[in-house]
Amino acid sequence: MTARARYHHTDFWGLLVRRWYRLSQPPKLRHMARTLPYLKLKPAGDAWDVYWKGRKVTRTAPWSELKAGAPERLYVIGSGPSIREQYIDRLAGEACVLLNGAIALTLDGTLGRPFAVMVEDARFILEKGDMLKRLPRGTRLCLVGSALRALGEVDPELFSHFRLYFIQGFETPYGRPRRSLEAVDPRHFRQSGRAKLSLNMEEGHFGCGTVMYCGIQLAFYLRVRALFLVGFDMTNFEQPRFYESERNAAWTGLVKAYHGRVLPAMELAAHTARDVGMTIENCSHTSAIPRTLFPFNDRLM
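Okay, so the sequence shown: first residue is 1 according to full-length UniProt numbering, each after it adds one.
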């Protein structure tokens, strides 16, 4: 396979503003650069009013709304190539959270309307905005700040197309300085060494290098009884994602993140799941994640 090219964004003004902000502000505020220069959020109770270029365009939904309708079992679906070898249509009627390009499974009719879509990569929004536009109106779309900004850069009309949920950084809350975990109620998170896990999406989430972890943290917040991971391979970084081809495959940095960040985070998730009475199974038959952490479920084979 030929080397993948990184995506190069052409909004030079936005890049300049964000770079200037990071250089001019104290370290505890630098995370605020992610939404500059066009996006601004204002607290509205347990939601956020969203402003684009000074004009209010929508209000996000409160996370508690998702929790109120939480299923007992949840499928979180990534974009691993293993999906090509599985019977994904067996998940029709199940509560599915689609991550990034897994939305192709709704667009091609394999799955129906997802329980939610989650994206924490602004680059995906900018590259695959046409895919997002084809999702049904009112789809629940959960975005980090940079991805929310990218949504407006693709098309500001998309703010009102989706039921939006804002994913804050647990340690980098929007509009406030970076916070120490010592100041947070320990019931909202778990930590083991450098690995951290959110139990409350209202407080925020932790990244570890893969968006699958975002879906896992949502499952903990929803308090589902059984979580199934689909398309979570972590073995074939050189292969295109299931919805890509050799020609349009996007660059990935997962190979570097696996041992240092991803695996410790998954170990923490597995241990925490046992503590709270939740099962986590991995449906990927090619996954590098140890079966001792997440047992293999062959339902899709």
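Quick reminder that beta carbons are idealized off the backbone N, C-alpha and C, glycines included.
Keep in mind it's a predicted model, so treat the numbers as computed, not measured.
Residue from the options whose Cα sits closest to the Cα of residue i
| i | options | result |
| --- | --- | --- |
| A226 | F232, L158 and E281 | E281 |
| M212 | W20, G78, A265 and V17 | G78 |
| G169 | H31, F12, R90 and P27 | H31 |
| P62 | Y221, G231, D185 and V184 | Y221 |
| L107 | G129, S24, R134 and I83 | R134 |
| R179 | L36, R137, F206 and A288 | F206 |
| R137 | P114, N100 and D121 | P114 |
| G175 | W20, V17, D49 and L23 | D49 |
| R190 | F166, K42, V17 and V276 | V276 |
| A44 | F166, R84, L158 and A116 | F166 |
For residue i, the first and last residue of its enclosing beta strand (DSSP E)
| i | result |
| --- | --- |
| residue 325 | Any answer about residue 325 is impossible in this case: the structure gives the chain only from 1 up to 301. |
| V262 | Per DSSP, V262 belongs to no beta strand (DSSP E) and is neither H nor E. |
| K56 | R55 to R59 |
| M118 | A116 to V119 |
One or two residues paired with residue i in a DSSP bridge
| i | result |
| --- | --- |
| C96 | Y75 |
| K42 | D49 |
| P280 | It should be noted that the sequence gives Ile, not Pro, for residue 280. According to DSSP, which records beta bridges pairwise, I280 is partnered with L227. |
| G169 | H205 |
| F189 | S198 |
| F296 | N282 |
Nonlocal neighbours in the same chain, by C-beta distance under 8 angstroms from residue i, ignoring five residues either side
| i | result |
| --- | --- |
| R291 | N282 |
| Y38 | G14, W52, K53, R149, G152 and E153 |
| R73 | E94, A95, V224, R225, A226, L227 and F228 |
Nonlocal neighbours in the same chain, by C-beta distance under 6 angstroms from residue i, ignoring five residues either side
| i | result |
| --- | --- |
| L164 | T60 and L141 |
| A250 | Caution applies to A250, whose pLDDT of 48 falls short of 50 and renders its modelled position unreliable; the value that the coordinates give is listed next. Closer than 6 angstroms at Cβ, skipping near neighbours: no residue. |
| R34 | G145 and S146 |
Span of the alpha helix (DSSP H) around residue i
| i | result |
| --- | --- |
| Q86 | From DSSP, Q86 is part of no alpha helix (DSSP H); its letter is neither H nor E. |
| K196 | No alpha helix (DSSP H) contains K196, which is instead part of the beta strand (DSSP E) from A195 to S198. |
Contacts around residue i, its chain only, beta-carbon distance under 7 angstroms, and the 5 residues preceding and following it disregarded
| i | result |
| --- | --- |
| N200 | H188 and Y221 |
| D11 | E153 |
| D89 | T110 |
Discussion item. Ignoring anything shorter than 3 residues, give me the beta strand (DSSP E) runs that lie fully in the segment 122-167, in order along the chain.
Written reply: 140-144 and 163-167
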